[in-house]
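These notes are about the structure you will find just below.
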Amino acid sequence: MSEHKHQHVEFQFGDKASGLIDERARWKLALNLIEGTHNMPDSFIGKLRNTLRDLLSQAIPRHQRSYTKWKILQAISPFLGKREKAGFAAEGMKTLQKEGQMVTATVDGELAGAGGFLQIGTHPTDGKPVFAMQRGSVFPKFRGRGIGSQLMKLRQFEIQRIQPDAHILMETKTQRVKQWCISHGYREIPFEEVIRFHGGKTNADELLELQKQGWTGFLLSPEKKED
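Counting from 2, one number per residue, gives the positions in the sequence shown under the numbering used here.
In structure tokens, the structure reads:
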């Protein structure tokens, strides 16, 4: 612990944060998300990723694309290796940089972790915007210092600054993140609601499979914001 005392941790927002995440950093973060090893995609995977992106942009309404892409990846996931999964995760992070906002953490100038958020729609009952926090990742050597918790808290505060009446959505299968959500006033919601927020529909078999994988949704509504 003593070796960490004098290390300087900084957090960056918006364009400054996004500027720290180039192609190589996206791959490192993506690989960290799936706990893989660093391999760049070959031409086949690049073409597959681009084809999927083009088909989604042409055929699927924008508010349904993230869910549709997720459904496709769920279907083909058993046939993908770590390299291929990381390729799609990196592509998703690139989209998040373009359509949402990033928050990054650096330790003595070195990228330690990142996470993003974007508006995915409006709440069906009150019409208020729904923002999703996505792709939070802290590299192993920087874990245990509260950086991941701080990235979640800063993203929440930044959403509330931009849109004070927003609902904030988090979907996760990580126990640590679940505990953080509960301790910060989020309420657990059925995963079927999470999918609806992303513009999708699902059936009972799919929901059962998601539950087996440990997926849980949490929502922080405007009336439950922290002081």
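Heads up, the beta-carbon is just placed ideally off N, CA and C, and yes, glycines get one too.
Every value quoted in this text rests on a predicted model; they were computed, and no experiment measured them.
Next item on the list: Would you tell me roughly how many angstroms separate the C-alpha atoms of Gly93 and Glu24, rounded to the nearest one?
Entry: 12 Å
Check: At what residue ranges does the region 99-169 contain a whole run of the alpha helix (DSSP H), taking only runs of 4 or more?
Finding: 148-163
Next item on the list: Count the other C-beta atoms from every protein chain shown that fall within 10 angstroms of the C-beta of Ser138, then say buried if there are 16 or more, exposed otherwise.
Entry: buried
Next item on the list: Assign Gly218 to one of three DSSP states: helix, strand, or coil.
Entry: strand
Next item on the list: Tell me whether Thr175 sits in a helix, a strand or coil according to DSSP, three-state version.
Entry: coil
Notebook entry, point to check: Hey, would you say the C-beta of Gln102 is under 7 Å away from at least one heavy atom of the ligand FMN?
Noted result: What this structure holds is no ligand at all, so the ligand FMN is not there to describe.
Margin query: Rounded to the nearest angstrom, what separates Ala167 and Phe132 at their Cα positions?
Written below: Rounded to whole angstroms, Ala167 to Phe132 spans 7 Å at the Cα level.
Margin query: Among Arg156, Ile183, His199, Phe192, whose alpha-carbon lies nearest the alpha-carbon of Leu211?
Written below: Phe192
Next item on the list: Look at Lys229 and Gln135 and say whether their C-beta atoms are less than 8 Å apart.
Entry: Any question about residue 229 goes unanswered here, given that the chain covers just 2 to 228.
Note to self: Report the CB separation of Phe143 from Gly114 in whole angstroms; it is logged as a contact under 8 Å.
What the structure shows: 6 Å
Next item on the list: Spatial neighbours of Arg27 within its chain, please: CB distance less than 7 Å, with the 5 preceding and 5 following residues excluded, ordered by chain position.
Entry: The residues Ala91, Met94, Lys95, in chain order, have a CB closer than 7 Å to that of Arg27 in the same chain once the five nearest residues on each side in sequence are set aside.
Note to self: Excluding the 5 residues flanking Met2 on each side, which residues of the same chain have their C-beta closer than 8 Å to its C-beta?
What the structure shows: Low local confidence applies: a pLDDT of 42 at Met2 is under 50, so the model's placement there is unreliable, with the coordinate-based value given in what follows. Closer than 8 Å at Cβ, skipping near neighbours: no residue.
Item checked: DSSP-derived helix/strand/coil call for Gln180 -> The answer is helix: DSSP assigns Gln180 an H, G or I state.
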